[in-house]
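**Student:** Chains as they are written, first to last, in our numbering: chain R, 1 to 595; chain Z, 1001 to 1595.
There are 2 protein chains.
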Amino acid sequence: MQIQHDEITVLFLSLGILLAAARILGELAQKLGQPAVVGEILAGVLLGPTVLGRYFPLASAALFPPTGNVRVLLDGMSTIAIALFLLVAGMEVELSTVFKRGRSALGVALGGFLIPFALGWVTASLAPSALGSEPNASTQLFALFFATAISISALPVIAKTLMDLNLYRSELGMVVVAAAVFNDLVGWIVFAVILGMISTGGPARFDVGATILWTLTFAAFCLTAGRWMIHRMLPWLQAYTTWPGGVLSFAISLALMAAALTEWIGIHAIFGSFLLGVAIGDSSHLREQTRQTILEFVSFIFAPLFFASVGLRVDFAGNFDLSIVLIVLVIACAGKIIGCGLSARLTKMDWATSWSVGFAMNARGAMEIILGLLALQNGLIQQKMFVALVIMALITSMMSGPAIQRLLRRHRAMRFTTYTSPRFFRERLLATDRLEAIGELVAAVVVDTRHDAPELVDAVVRRELAGSTGMGDDLALPHARLPNLRRPIVAVGISQMGIDFNAADGQPARLVCLVLLPESSSADSLAILADIARTFKQERTREAAIQARTYTEFLAAIRVEGASSPPLIEAGVDMVSQSTPPASSQTADDHESRS
Amino acid sequence: MQIQHDEITVLFLSLGILLAAARILGELAQKLGQPAVVGEILAGVLLGPTVLGRYFPLASAALFPPTGNVRVLLDGMSTIAIALFLLVAGMEVELSTVFKRGRSALGVALGGFLIPFALGWVTASLAPSALGSEPNASTQLFALFFATAISISALPVIAKTLMDLNLYRSELGMVVVAAAVFNDLVGWIVFAVILGMISTGGPARFDVGATILWTLTFAAFCLTAGRWMIHRMLPWLQAYTTWPGGVLSFAISLALMAAALTEWIGIHAIFGSFLLGVAIGDSSHLREQTRQTILEFVSFIFAPLFFASVGLRVDFAGNFDLSIVLIVLVIACAGKIIGCGLSARLTKMDWATSWSVGFAMNARGAMEIILGLLALQNGLIQQKMFVALVIMALITSMMSGPAIQRLLRRHRAMRFTTYTSPRFFRERLLATDRLEAIGELVAAVVVDTRHDAPELVDAVVRRELAGSTGMGDDLALPHARLPNLRRPIVAVGISQMGIDFNAADGQPARLVCLVLLPESSSADSLAILADIARTFKQERTREAAIQARTYTEFLAAIRVEGASSPPLIEAGVDMVSQSTPPASSQTADDHESRS
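1) Sorted by chain position, which residues of the same chain lie with C-beta nearer than 6 angstroms to residue 43 of chain R's C-beta, five sequence neighbours on each side aside?
2) For residue 1139 of chain Z, decide whether its Cβ has a neighbour in chain R, counting only Cβ atoms nearer than 9 angstroms.
3) Is it right to say residue 1009 of chain Z is buried, meaning 16 or more other beta carbons lie within 10 angstroms of its own, or is it exposed?
4) So, do the segment 1099-1119 of chain Z and the segment 1332-1351 of chain Z have three or more beta carbon pairs nearer to each other than 8 angstroms?
5) Check the C-beta distance from residue 1426 of chain Z over to residue 1441 of chain Z and give it rounded, since I have them as a contact under 8 angstroms.
6) Can you list, in chain order, the residues of the segment 1057-1085 of chain Z whose Cβ is nearer than 8 angstroms to any Cβ on chain R?
7) List the residues of chain R that residue 1264 of chain Z touches, going by C-beta distances under 7 angstroms, in chain order.
8) Could you check whether the Cβ of residue 245 of chain R sits closer than 9 angstroms to any Cβ belonging to chain Z?
9) In the DSSP assignment, find the unbroken beta strand (DSSP E) run with residue 1496 of chain Z in it and report its ends.
10) Mind checking the segment 276-297 of chain R against chain Z and listing, in chain order, the residues whose C-beta falls within less than 9 angstroms of any C-beta there?
11) For residue 281 of chain R, name the three-state secondary structure that DSSP assigns.
12) When you check each C-beta in the segment 1141-1156 of chain Z against every C-beta of chain R, which residues fall closer than 8 angstroms?
13) Going by beta carbon distance, what residues of the same chain come within less than 7 angstroms of residue 184 of chain R, once the five residues before and after it are set aside?
14) Taking all protein chains shown into account, decide if residue 55 of chain R is buried (16 or more other Cβ within 10 angstroms of its Cβ) or exposed.
15) Would you call residue 638 of chain R buried or exposed, if buried means 16 or more other Cβ atoms sit within 10 Å of its Cβ?
16) Quick one: Cα of residue 1572 of chain Z to Cα of residue 1401 of chain Z, how far?
17) Distance cutoff 9 angstroms, beta carbons only. Does residue 1434 of chain Z sit that close to anything in chain R?
18) Would you be able to state if there are at least three C-beta pairs under 8 angstroms between the segment 127-137 of chain R and the segment 375-387 of chain R?
19) Taking residue 1520 of chain Z as the reference, give the member of Z:1431, Z:1547, Z:1552 and Z:1486 with the closest Cα.
20) How many Å lie between residue 1219 of chain Z and residue 1209 of chain Z at the Cα?
21) Suppose you measure from the CA of residue 162 of chain R to the CA of residue 28 of chain R; what does that come to, to the nearest Å?
22) Provide the residue(s) that pair with residue 480 of chain R in DSSP beta bridges, ordered along the chain.
23) Run down chain Z in chain order and give the residues with a C-beta less than 7 angstroms from the C-beta of residue 267 of chain R.
24) Please confirm if the segment 1233-1240 of chain Z is in contact with the segment 539-557 of chain R, defined as three or more CB-CB distances below 8 angstroms between the two stretches.
25) Give a yes or no on contact between the segment 531-538 of chain R and the segment 498-507 of chain R, applying the rule of three or more CB pairs nearer than 8 angstroms.
26) Bridge partners for residue 1381 of chain Z per DSSP, in chain order?
27) Going by DSSP in three states, residue 503 of chain R sits in which element: helix, strand or coil?
28) Spell out whether any CB of chain Z is found under 9 angstroms from the CB atom of residue 252 of chain R.
29) With distances taken Cα to Cα, identify the nearest neighbour of residue 1177 of chain Z among Z:1099, Z:1194, Z:1466 and Z:1224.
30) Would residue 297 of chain R and residue 1293 of chain Z qualify as a contact pair, given that the criterion is a beta-carbon distance under 9 angstroms?
31) Return the chain-ordered list of same chain residues with a C-beta closer than 6 angstroms to the C-beta of residue 1450 of chain Z, the five sequence neighbours on each side being excluded.
32) Among Z:1513, Z:1408, Z:1416 and Z:1421, which residue has its Cα nearest to the Cα of residue 1434 of chain Z?
33) Give every residue of the same chain whose Cβ lies closer than 6 angstroms to the Cβ of residue 960 of chain Z, excluding the five residues on either side of it in the sequence, and list them in chain order.
34) Does residue 1318 of chain Z pass the burial test, meaning 16 or more other C-beta atoms within 10 Å, or should it be called exposed?
35) Could you name the residues of the same chain whose beta carbon sits closer than 8 angstroms to that of residue 14 of chain R, not counting the 5 residues immediately before and after it, in chain order?
36) Exposed or buried, residue 1590 of chain Z, counting other C-beta atoms within 10 Å across all chains shown (16 or more means buried)?
Okay, structure coming up:
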């Protein structure tokens, strides 16, 4: 049926609202230390039948109609979105690390599939009705479905969580991603078998053996000959086609065709685009700018749309059955975390890393939901079971990030902006010498301390006399340690004329950052000074900051210009430090070698 | 209806093939001096009913099914694609230029609407059957439709053509775009009236007066308060959200909502995203990198998909009626070119620029096709008329670029790579001094000249002794003028150790470009030397070029690293010079001030 005028209106409106809501809640989730993906799914829950549909059913039906062209379009768009997201996830994979870690990954994948599968199968066989099996359905089939559903990891969610935590390119990340790929391949093949047994439609294109064979052939092709051909073609494209459009279109159109191929084979489209992404991303001829354009557009437009659309699919409140939810959750978590954790430990990882692998692999998402949806349509499970699966997917995804952060003792990176405030910002210092400048900035912060102004000035000046804090390059960092301070305070002042701080380069400072530090916790304090110096190392950043007329413009200047790493990684940097655990030293290296 | 497994396969496959074909033919069109958009539409014609459907009907029906979910998805995607393309087109508008040129634009828009409208109305009223009117349809209505259809310009095609020609940001470009916006607004309002008269569906949401009022209100809001609010919000987003994701999602989701609003008002969705793009692009807080990410992804992914989908819609061969095509084409061109050209001349442009405006405004495209499609569905016109409209749109689009190039005497920019060749490339010079280096490069080119090697070496060495051609920074440019040379020849040699060319910086040259010039045409010759020097000015480019192991890698290095301007503009730079006509000096300035 032709798309109608009104449907186009609704399509644009619902996409616009979905994207805006997903991104806003995604940003909020990140501020709360959660992966953005949790906020994005939540946006769908709020806009879907669970909340909007319950309280404003007309608005909900108008925005996200349950049937018709708009529904088809939203579903289709989210399918394309997830395939493109997996392309990006694939491009970020470091094949060399995966190969190096192949055995560990295989072990984790097997342990993480077999143990939850066994647990799920036994439970569902013994008590199918407690899990909301359809009365007429075969217990065998139901048990097989349930066992598979809790055994499949969710590559997209895992990839997103690892990216959000800046762990994707670490060894831990590569083991987990490789394991998730193996796990999902096995899971989807088993699922194809089940689907063949329950499907009410026509026969599957291939029998199980052929599906497995095709899948392995395609994967092998992508990782060998395909990879080589792409590596050879990229310089040619860069030389003879519009730049960077040639490479961009090449990557996207190949990914779409690869997705079509795997969908045709009978496994999901996302495997095709993922494997193609691996092949493209591995080429040293792929320029950072092309990688980044795809990464940014997909991560900030397509991925949020997909994850929000997941939350749209069911009424979580109306079909909520506590006992089923709890049983599913406990079995799924226990099976997966123990299965993967023990397998990881067997490959000689330390316990903290092993459990991190377990929690990372424990994240579920789109896969469970697609699988559950198909089972629902084929009359194998009830709505209650479906809701339990989605809730399990959400909770495991939410647990994943914080658990890994805690296990690996990753904490927020030290940014000096944590200790600034609009009140501590002076866009136009009147001072003509450093004493006056220190006085002005002390006046800005004094009410937030338990000291009085002369005391503060005295401490800072004493430090200043012991050795100049003019760093050169327009920056001065007067600072002092104080006994009664509860937390660090950073005041920022800008002087267009510049103030002489006795810098080694003989130039006056136009950016003066007054740093007041508590007497304890010396490590943190040093980190603040180092972070300020690092932030203003680039001239462009300094100039932009000096031009700022409001505190917001100042923050904008250092956020934008200070970003030296790819943005997705940058998003992670704000959330976790790169320096603590053994696994992350690798991350920092990889990361620097690419940026 | 739920999307089926097989439909997902087809969707990915058809999108992948469509994108690949559109981009390949788009690149070819550019190589032939045509705007890329012509190749993109042609890709759709080849893949659509006209060619693929005629000779391989099963393949065509399988890839691009005429009905069903895949059809809906392809249509919906192309609608979203065109809206996003108009967002980009809007972002590129320089409001200050439009305001400065508002009166000219208004004049051109009016002349360009009224004259073809009158011509079309008279012709269709006098001879409706010659134009393929449905026998039962009202002649009044048919004449009204035909007059409107040939009077509406196609903002997307015009924008793309101007971008392809690197004229978009010129004064000429801004007058044309502003006029096209006015023209289209008027055209769509008239069209809304006609639609109200012929529509077989429910009543329109608003009557004509209300539609006009809403449209003007929305446009005024976007260009004043909306613009101000966006300008205020951008620094906030850059300061407090993930960068650049915050701004990216903000722009796209607002554009989608604005598109929904204008679609709801009753004019097309593209007006909303275009006006919003103008409001966002006008803000000085929008960073170049964000602009570029949106620009690249939309121009190289979404726009080709849309323009290719236009070609998919009809069987051009089967419904071809020469007399109708000719009548439509002549009336459309005469009315538009004369109407716009004379109006432009009245605003004191010179004749060449005036006719360029006429030819630019003469380009039609999506608008005619959408309009024609609606008329077809409502039984107002026959397929033949529809095909004639699409062919008219294609031909006017194809005429537009070359006509402007000829009128403004724009010619291809001088790139030294025009005169290089894989045969003239030596990735590893064995030479240890400049004489040997010159000898090696002369040996590479000598068969392509009518000279012998000693003669060539002698000429080059004589020039070398008259003054060193070591430019410093790794580059040496030995060259000579020769009487019997037909065209310039540039040979490139790389020496990892470097060869002493007596450069001012005392460093050896690792890049040696031997330039042989014909004795005539001194201007061209200087341009080659200047182009080489400019290309290798950046250290990154030099290093990448020196690392190249094949000629293709060498070209890739200078294409990628040498691009200092935004890529869409870069695409244009390769095609036309920026230096000849009066209108283009402005272009070059604008361009530099942005990049």
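The C-beta atom is built at its ideal place from N, Cα and C for all residues, glycine as well.
Computed from a prediction, not measured in an experiment: that's the story for all the values here.
**Tutor:** Considering the structure as presented:
1) Apart from the 5 residues on each side of it in sequence, residue 43 of chain R sits with its Cβ closer than 6 angstroms to the Cβ of 21, 22, 25 and 308 in its chain, given in chain order.
2) Chain R contact via Cβ: absent.
3) Counting Cβ neighbours within 10 Å, residue 1009 of chain Z comes out buried, since at least 16 surround it.
4) Taking 8 angstroms as the limit for Cβ pairs, the verdict is that the segment 1332-1351 of chain Z does touch the segment 1099-1119 of chain Z.
5) Rounded, the Cβ-Cβ distance is 7 angstroms, consistent with contact.
6) Listed in sequence order: 1067, 1069, 1072, 1073, 1075, 1076, 1077, 1079, 1080 and 1083.
7) Within chain R, the residues near residue 1264 of chain Z are 9.
8) Yes, contact with chain Z.
9) Its beta strand (DSSP E) spans residues 1489-1499.
10) Sequence-ordered contacts of the segment 276-297 of chain R with chain Z read 285, 287, 289, 290, 292, 293, 294, 296 and 297 [C-beta pairs closer than 9 angstroms].
11) Under the three-state reduction of DSSP, residue 281 of chain R is assigned to helix.
12) Closer than 8 angstroms at the C-beta level to chain R, one finds no residue of the segment 1141-1156 of chain Z.
13) Non-local C-beta neighbours of residue 184 of chain R in its own chain, meaning closer than 7 angstroms and more than five positions away in sequence, comprise 152, 153, 155 and 367, ordered along the chain.
14) Flag for residue 55 of chain R reads exposed.
15) With chain R covering only 1 through 595, there is no way to say anything about residue 638 of chain R.
16) At residue 1572 of chain Z the pLDDT is 28, less than 50, meaning the model places this residue with poor confidence and gives no usable figure here.
17) It does not; no Cβ of chain R falls within 9 angstroms.
18) Yes: the two stretches touch, three or more of their Cβ pairs being nearer than 8 angstroms.
19) Ranking Z:1431, Z:1547, Z:1552 and Z:1486 by Cα distance to residue 1520 of chain Z puts Z:1486 first.
20) The straight-line gap from Cα to Cα measures roughly 15 angstroms.
21) Cα-Cα distance, rounded: 18 angstroms.
22) The partner list for residue 480 of chain R (beta bridge, DSSP) reads R:516.
23) The contacting residues do not exist; residue 267 of chain R stays about 11 angstroms from chain Z at best.
24) Touching, per the Cβ criterion.
25) Look at the beta carbons and you see the segment 531-538 of chain R not touching the segment 498-507 of chain R: under three pairs across the two are nearer than 8 angstroms.
26) Paired residue(s): Z:1133.
27) Three-state result, residue 503 of chain R: coil.
28) Cβ-Cβ to chain Z under 9 angstroms: yes for residue 252 of chain R.
29) The residue with the shortest Cα to Cα distance from residue 1177 of chain Z is Z:1099.
30) The answer is yes: Cβ separation under 9 angstroms.
31) Result list for residue 1450 of chain Z: 1484, in chain order.
32) Per the C-alpha coordinates, the member of Z:1513, Z:1408, Z:1416 and Z:1421 positioned closest to residue 1434 of chain Z is Z:1513.
33) No answer is possible for residue 960 of chain Z: it lies beyond the span of chain Z, which begins at 1001 and ends at 1595.
34) In summary, residue 1318 of chain Z is exposed, with fewer than 16 beta-carbon neighbours lying within 10 Å of its beta-carbon over all protein chains present.
35) By the criterion of a C-beta distance shorter than 8 angstroms, residue 14 of chain R is surrounded in its chain by 63, 64, 70 and 74, once the five residues flanking it on both sides are discounted.
36) Confidence at residue 1590 of chain Z is low in this model, with a pLDDT of 37, below 50, so its placement is unreliable and the value that follows should be read with caution. Here residue 1590 of chain Z is buried. Its C-beta has 16 or more other C-beta atoms within 10 Å.
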